[in-house]
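Engineer: In this note's numbering, the protein residues as written are 249 to 470. From the three backbone atoms N, C-alpha and C, an ideal C-beta is built for every residue, glycine too. Here it is, the structure in full.
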Amino acid sequence: MKKKLLISSYILVVIIGISAFVSTNGFKGKNYESVQAGEKIYRAECALCHGDTGKGEGAKIGTALNSDVFLSYASDKDLYNYVKYGRPDAAMPAYGERMSEEQLQNVVDFMRSWQKKEMDFDDVPKKIEGNPVAGEEIYNRSCLTCHGEAGAGKKKIGTVPVLANPEHLKYTSYRQLWIGIAYGREGTRMAPSLKGLEGVRQLSEQQISDVVAYIRSLEKTE
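Spelled out as structure tokens, the structure:
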């Protein structure tokens, strides 16, 4: 009886250990074969710009993707759309015509495997309402240097997105804009802006909402 209990306990420990290993290595139930396939595609198509580890350490301009902040607010659908449709303003080509749906999903699964933890972003207002006029003043003072006048971007800073680009705003929610401003993205020039975090700007929640309102006002409608 004792021997059976010992064997059962050993098996349970092994199972828990394997589960912990898979969880801490970011697979989170994703198909392992898909992650492996995505890694091959990533290294062939994406690593040159975004780096082998996705930290933006590539030979060409490519922002950091391996970021818990970014991966916590970007859904799998968001990642899929980023790869499929690209970002012309940031020299990010669209892969929708070059990759099958399965290959696009493989890349998404591989990127998701980088994520070490899920961030809660408890500071994000449930309803984001801001004053675009006040937001423009803050933007011109704190954001224009990198992102350009009226979010038009600057050619000399290639990894900084053109915020006024319709494709960028089409796939970016108010909440995602707020989080991006408040928490920044590690491994990039974009430091946190929320008061109390390690950043120079130290903006209040309302000031960030104002900037979000201003950026959203730049969206061109047909």
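Does T311 pass the burial test, meaning 16 or more other C-beta atoms within 10 Å, or should it be called exposed?
Structural biologist: Locating residue 311 in the sequence shown gives position 63, counting from the first residue. T311 is buried by the Cβ-count criterion.
Engineer: Which of the three DSSP states, helix, strand or coil, is assigned to R464?
Structural biologist: Along the sequence shown, read from residue 1 onward, the residue named residue 464 stands at position 216. Of the three classes helix, strand and coil, the one that applies to R464 here is helix, per DSSP.
Engineer: Can S465 and P373 be called in contact, C-beta distance under 7 Å?
Structural biologist: On the sequence shown, position 217 is the one that residue 465 refers to. On the sequence shown, position 125 is the one that residue 373 refers to. Cβ atoms of S465 and P373: not closer than 7 Å.
Engineer: Between M340 and L352, what straight-line distance do the alpha-carbon atoms span, to the nearest angstrom?
Structural biologist: Within the sequence shown, residue 340 is the residue found at index 92, counting from 1. Within the sequence shown, residue 352 is the residue found at index 104, counting from 1. The alpha-carbon atoms of M340 and L352 are separated by roughly 15 Å.
Engineer: Who does M340 pair with in a DSSP beta bridge?
Structural biologist: Along the sequence shown, one-based indexing puts residue 340 at 92. In the DSSP output, where bridge partners are listed per residue, M340 has R335.
Engineer: As a quick exercise: from S441, R360, D458, Y387, pick the residue whose alpha carbon is nearest that of N279.
Structural biologist: The residue given as residue 279 occupies position 31 in the sequence shown. The candidate whose alpha carbon is nearest that of N279 is R360.
Engineer: Please look up how many angstroms separate the CB atoms of A322 and Y333, rounded, as I've assumed it's under 8 Å.
Structural biologist: The residue given as residue 322 occupies position 74 in the sequence shown. The residue given as residue 333 occupies position 85 in the sequence shown. Wrong, their Cβ atoms sit about 14 Å apart, outside the cutoff.
Engineer: For K288 and T301, what's the separation of their Cα atoms in angstroms?
Structural biologist: For the purposes of this step, residue 288 is taken as the residue at position 40 of the sequence shown. For the purposes of this step, residue 301 is taken as the residue at position 53 of the sequence shown. Their backbone Cα atoms lie some 13 Å apart in a straight line.
Engineer: Quick check: the Cα distance between L319 and L313, rounded to an integer number of angstroms?
Structural biologist: Locating residue 319 in the sequence shown gives position 71, counting from the first residue. Locating residue 313 in the sequence shown gives position 65, counting from the first residue. So the alpha carbons of these two residues sit roughly 8 Å apart.
Engineer: What three-state label does DSSP hand L451 in the structure shown?
Structural biologist: Translated into the one-based positions of the sequence shown, residue 451 becomes position 203. Here L451 sits in strand by DSSP.
Engineer: Determine the closest residue to E281 out of E434, F358, Q455, with distance taken between C-alpha atoms.
Structural biologist: For this step, residue 281 is matched to residue 33 along the sequence shown. When each option's Cα is compared against that of E281, the closest is F358.
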